[in-house]
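Colleague:
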Amino acid sequence: MTRKGPAPPLDEDGLRDLALRYVGRFATSRARLLAYLERKLRERGWAGETPAAPDALVARLGELRYVDDSAYAVMKSGALARRGFGARRVDQALRQAGIEEEDRRAATRPDDAAAWDAADRFARRKRLGPYAAAPLDAAQREKAVAAFLRAGHDFGTARRWVDAPPGTPPERPENDG
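Each residue of the sequence shown is one higher than the last, beginning at 578 in this note's numbering.
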């Protein structure tokens, strides 16, 4: 059965139920949950007796640990690193999700071995450098380096991976333990 017409305006219970349903379905940050609730308030309006307080609701859900920015940051940074993204791209995604500086720093501790492994996964996924079917020409190499840079890797790492001949992964730098 589908509802005809616009959704009714929200009240305290409706806003709380909407927030709980959202955090039940999605891993999210406080900032994203607040943006979602504010968007729903704009779309549906407010029918409560007191003024809407989505920020107080988000703070309460944070106190109850339904929304945990530090855990979200660790989860999100791990997922992005497993997909082959570098530290800059991970930091950018966490910043976009509204994660505070302290939680971002804790989730993206610089680790040379992890950065090298992420670059390896990125090269494997994109079939670049040692995972390419054939050597790349100059224009293709520049595009591959640009892809590494957009993925958040530094220029030196990008160049080492892209310049590696097919079938021969580059050696890890000496400072990796």
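Glycine residues also receive a C-beta, built at the ideal position from the N, C-alpha and C atoms.
Within 10 angstroms of its Cβ, does PHE699 collect 16 or more other Cβ (buried), or is it exposed?
Modeller: buried
Colleague: Just to confirm my understanding: we take ALA735, look at its own chain, exclude 5 residues before and 5 after, and list those with CB closer than 7 Å. What are they?
Modeller: The answer, listed in chain order, is VAL722, PHE725, LEU726.
Colleague: Are the stretch 702-718 and the stretch 670-682 touching, with three or more C-beta to C-beta distances below 8 Å?
Modeller: no
Colleague: According to DSSP, which residues form a beta bridge with TRP693?
Modeller: Partner(s): none; TRP693 has no beta bridge.
Colleague: Whole angstroms is fine: what's the gap from PHE732's alpha carbon to ALA648's?
Modeller: 30 Å
Colleague: Under a three-way DSSP split, which group does LEU587 fall into?
Modeller: strand
Colleague: Using DSSP bridges, identify the partner residues of TRP623.
Modeller: Answer is LEU587, bridged to TRP623.
Colleague: Around the Cβ of THR685, are there at least 16 other Cβ atoms within 10 angstroms (buried) or fewer (exposed)?
Modeller: buried
Colleague: Could you compute how far the alpha carbon of ALA716 sits from the alpha carbon of ALA741?
Modeller: 15 Å
Colleague: List in chain order: all unbroken alpha helix (DSSP H) runs of 4+ residues lying wholly within the stretch 683-738.
Modeller: 689-703, 715-727
Colleague: When you compare each of TRP738, GLY729, ALA656 to ARG718 by their alpha carbons, which one comes out closest?
Modeller: TRP738
Colleague: Which whole-angstrom value describes the C-beta separation of ALA658 and ALA691, a residue pair presumed to lie in contact below a C-beta threshold of 8 Å?
Modeller: Contact holds; Cβ gap of about 6 Å.
Colleague: In chain order, which continuous runs of the alpha helix (DSSP H) of length 4 or greater are located wholly inside the stretch 594-642?
Modeller: Listed in chain order, the alpha helix (DSSP H) runs fully inside the stretch 594-642 are 607-621, 631-640, counting runs of at least 4 residues.
Colleague: If you compare alpha carbons, which of ARG704, ASP688, PRO712, GLY729 is closest to PRO750?
Modeller: Comparing Cα positions, the closest option is ASP688.
Colleague: Within 10 Å of its beta-carbon, does PHE662 have 16 or more other beta-carbons around it, so buried, or fewer, so exposed?
Modeller: buried
Colleague: What do you get for ALA695, buried or exposed, if any count of 16 or more other CB atoms within 10 angstroms of its CB means buried?
Modeller: Label assigned to ALA695: buried.
Colleague: Whether or not the stretch 618-626 and the stretch 636-652 are in contact is what I'm after, with contact meaning three or more pairs of Cβ atoms, one per stretch, closer than 8 Å; do they touch?
Modeller: No contact exists between the stretch 636-652 and the stretch 618-626.
Colleague: Using a Cβ-Cβ cutoff of less than 8 Å, which residues in the same chain neighbour TRP623 once the five nearest sequence positions on both sides are dropped?
Modeller: The answer, listed in chain order, is PRO586, LEU587, ASP588, ALA629.
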